[in-house]
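The structure appears right after this line, and notes come after that.
Structure, rendered in structure tokens:
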């Protein structure tokens, strides 16, 4: 008689979702458009480029082109005209904060005789690169914020 293989470390640490829980999530997702996840989980999904409603991946065709709906649960991302203005606002605030922290940090590092090009050039470069790099994250985060604050109507 063969003995079962020992469970992997991940299987011992992360408990498996029972079929009952999985079925309940699927039923809730089908009925309401959201799977019943809590606020922290929804926001984490937004930060990790996952669907706010079901947690699945593959929301982007490429870096700047987001699908109109989730490929798994068909959660619609754009709810109205101008929906992405919130994502642009989040991107602007986060990018501005990163640039400010960089400029202040470089200024403090260059004291007592700061050289302005050494402070301003990296800050200006970040001001161009960071908003582009954060675009997908701020889109999915904004979708998660809106989904948490105003869940979609039942189907």
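Residue numbers (this note's numbering): 2 to 156. The C-beta atom is built at its ideal place from N, Cα and C for all residues, glycine as well.
DSSP state of residue i mapped onto helix, strand, coil
i: residue 66; result: strand
i: residue 116; result: coil
i: residue 24; result: helix
i: residue 152; result: coil
i: residue 124; result: helix
i: residue 36; result: coil
i: residue 130; result: helix
Among the options, the one whose alpha carbon lies nearest that of residue i
i: residue 37; options: 44, 50, 54; result: 54
i: residue 132; options: 153, 97, 76; result: 97
i: residue 146; options: 84, 116, 75, 65; result: 84
i: residue 107; options: 45, 71, 125; result: 125
i: residue 75; options: 101, 59, 66, 47; result: 59
i: residue 91; options: 142, 70, 150; result: 142
i: residue 73; options: 61, 57, 81, 105; result: 57
i: residue 88; options: 151, 140, 149, 153; result: 140
Along the chain, which unbroken stretches of the alpha helix (DSSP H) at least 4 residues long are found entirely within the stretch 38–109?
-> If we require 4 residues or more, the alpha helix (DSSP H) runs fully inside the stretch 38–109 come out as 40–48.
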